[in-house]
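To keep things clear, I will list the structure first and then write my remarks on it.
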Amino acid sequence: MEVGFGDGRYLTDQAKAAANARFVGLEISGTSLYRAARRVRREGITNIRLLKVGAQFGLWHLFGHGEISSITINFPDPWPKERHRTNRLLRHSFLEAASSRLKPLAKIKLATDHFEYVVAAEEEVRATELFDVILTEPPKEVFGTKYAQKWTSLGKPIYYREFENRGIAKQISRPSLERVKVMPHAILKGTLSNETASFEKSIQQYADGHVIIHEVAKTIGVSQFRWMFRVTVNDPELVQQLLIVAHPRPDSNLIVRLETFGDPVITPTVRGAVHAVTEWLLDAVPSLVLLERNY
Ligand SMILES: C[S@@+](CC[C@H](N)C(=O)[O-])C[C@H]1O[C@@H](n2cnc3c(N)ncnc32)[C@H](O)[C@@H]1O
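Mapped onto my numbering, the consecutive letters of the sequence shown carry residue numbers 8 to 302.
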């Protein structure tokens, strides 16, 4: 497995060199997926599967315990600013997922141009006690990636570590994603006719994650009094950008519900987002009355 394969040149080189092995790449960037998929097709490679999915979510939900033979991470985004550290890939929750899905003694292979990242990753790995840290020279293929070439052309050194799985991670199987019978929603009595309300961005904790309500817009065209909330739902393994709408129903009650836009995966935190918007509306428009909460 390669996480964050970028333009895919490393993954395709590996797949060509080991025609009988099976390779999978996880990547969150659509542009990278497109580039790598084009390369795979152009080179007629059949032993690679590329998935557009975040690494943690992919590891937990698409693989079973001990199924993966190695995970390569070349030049992960370093997120050097203190307040952005939580965006880093090599954190406890990722290492737990990786250790569960890797075979015993299988390795995470990390290359980075960022000294502080390698130090922090090593500390994080040691703290989990799930891997042994191996100091070794980077294999020559690592120097061929786009980012490796960028950094070596600037004379920057490359830091490389291998983390060998001790195989002691609990046999965690994540709860399978729920099959949603009723999409989370709330019913309110009242209308949004010409209401004005002041809005401030808010962040609220729900379940294991948090919800950010970024902005609210009144839409025109579809229905005069349709309000649309742009939210980020941040779960430990999955970040979703979603829309929640409030609009009148034929029975003239108001419904607060998720839009299909953003293709929501329903989690307890997503349910929390519908709750957060419902509460905001009840607060902002005092004439509204809550009839049902279905989340
Ligand atoms: C700095 S680039 C390195 C690309 C490539 N490995 C190389 O060396 O040229 C980091 C890549 O990791 C991807 N990435 C970041 N977070 C990720 C995640 N959680 N899961 C999968 N890919 C991720 C980014 O989209 C980006 O393409």
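A virtual CB, placed ideally from N, CA and C, is assigned to each residue, including glycine. All values reported here derive from a predicted model rather than from experimental measurement.
Short note on Ser-39: C-beta closer than 8 Å to some heavy atom of ligand 1. Collapsing the DSSP output to three states places His-254 in a strand. Annotation for Lys-23: the continuous alpha helix (DSSP H) segment containing it runs 16-24. With contacts defined by Cβ atoms closer than 9 Å, Ala-24 and Ile-52 do not form a contacting pair.
In this structure, the C-beta of Ile-35 approaches ligand 1 to less than 8 Å from one of its heavy atoms. In this structure, Ile-80 places its C-beta atom within 9 Å of the C-beta atom of Ala-118. The continuous stretches of beta strand (DSSP E) do not include Val-187, and DSSP gives it neither H nor E. Where Gly-151 is concerned, there is no enclosing beta strand (DSSP E), because DSSP gives it neither an H nor an E. In this structure, DSSP gives Val-223 an extended state, which the three-state scheme calls strand. For His-121, same chain residues with a beta-carbon under 8 Å away, outside a window of 5 residues either side, are Pro-85, Pro-87 and Tyr-166 in chain order. Sixteen is the threshold: when 16 or more other Cβ atoms of the shown chains lie within 10 Å of the Cβ of Thr-19, as they do, the residue is buried. Of the candidates Val-263, Glu-171, Ala-62 and Leu-109, the residue whose Cα lies closest to the Cα of Phe-138 is Glu-171. Remark: the C-beta of Ala-62 is in contact range of ligand 1, defined as less than 8 Å to any heavy atom. In this chain, the alpha helix (DSSP H) harbouring Val-47 covers 37-49.
Taking each of Arg-42, Met-190 and Glu-129 in turn and checking the Cα distance to Leu-96, the smallest one comes out for Glu-129. Per the DSSP secondary-structure output, Met-235 pairs in a beta bridge with Ala-224 and Val-252. DSSP, read as helix, strand or coil, puts Ala-113 in strand.
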